[in-house]
Amino acid sequence: MVVLLEQRDRGIVGEDAQQSPDLKIRVVNAANLMALQSASAHPHGLADSEFDSVFTEDKPVIFAFHRYPWLIHGLIYERNNHDNFLAHGYREEGTTTIPFDITVLSRLDRLHPAADRPRATDSECREPCEAAALRDRPMAHRAWITSRGEDMPEILNWR
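In structure tokens, the structure reads:
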């Protein structure tokens, strides 16, 4: 599985590494989004062989992006592996909330990519309750912040 992140999102990978220590994860920092396009579409674009060497031709890619996710799908549409890209990004919810909750609403937090791992890799969780626990974490977050007005302790104390 390839996880494509902006520099500030490195914490996302920690959740997956803890849940599945045998899962191979490659982290790619997207410094120039135009590199996702082909070399014929943009001067900074990667050749198909370069793109495939970074993102593979057949592995799932979870892309955490602090802008609109449809932009990523537009940039990679003609690439070999475009069907395996799962882009998370900004979702306009029209609400006032705490900072971490904004990332939860956009599925950019540490909770959602870990929950997407079984979907992205077509693998089953080690235990049936693991999948449910991963799916329930964002709901537990929502209940906590609604009743208390602050992040859960695991978020506040995370290092």
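Here the sequence shown is numbered in our numbering, starting from 1138 and rising by one per residue.
Every residue, glycine too, gets a C-beta built ideally from N, C-alpha and C.
- Within the stretch 1199-1234, the complete alpha helix (DSSP H) runs of at least 4 residues fall at 1206-1213.
- Looking at the DSSP output, S1175 sits in a beta bridge with L1183.
- Nearest to K1161 by C-alpha distance, out of L1208, P1197 and W1295, is P1197.
- P1206 counts as buried, since at least 16 other C-beta atoms from the protein chains shown sit within 10 angstroms of its C-beta.
- Using a Cβ-Cβ distance cut-off of 8 Å, the stretch 1275-1282 and the stretch 1207-1224 are not in contact, since fewer than three pairs of beta carbons, one from each stretch, lie closer than that value.
- The C-alpha of L1183 is placed about 9 Å away from the C-alpha of S1177.
- R1279 carries a helical assignment under DSSP once its states are collapsed to helix, strand and coil.
- Comparing alpha carbon positions, the residue from V1164, H1181 and R1163 closest to L1170 is H1181.
- In the DSSP assignment, I1239 falls within the alpha helix (DSSP H) that extends over P1236 to L1242.
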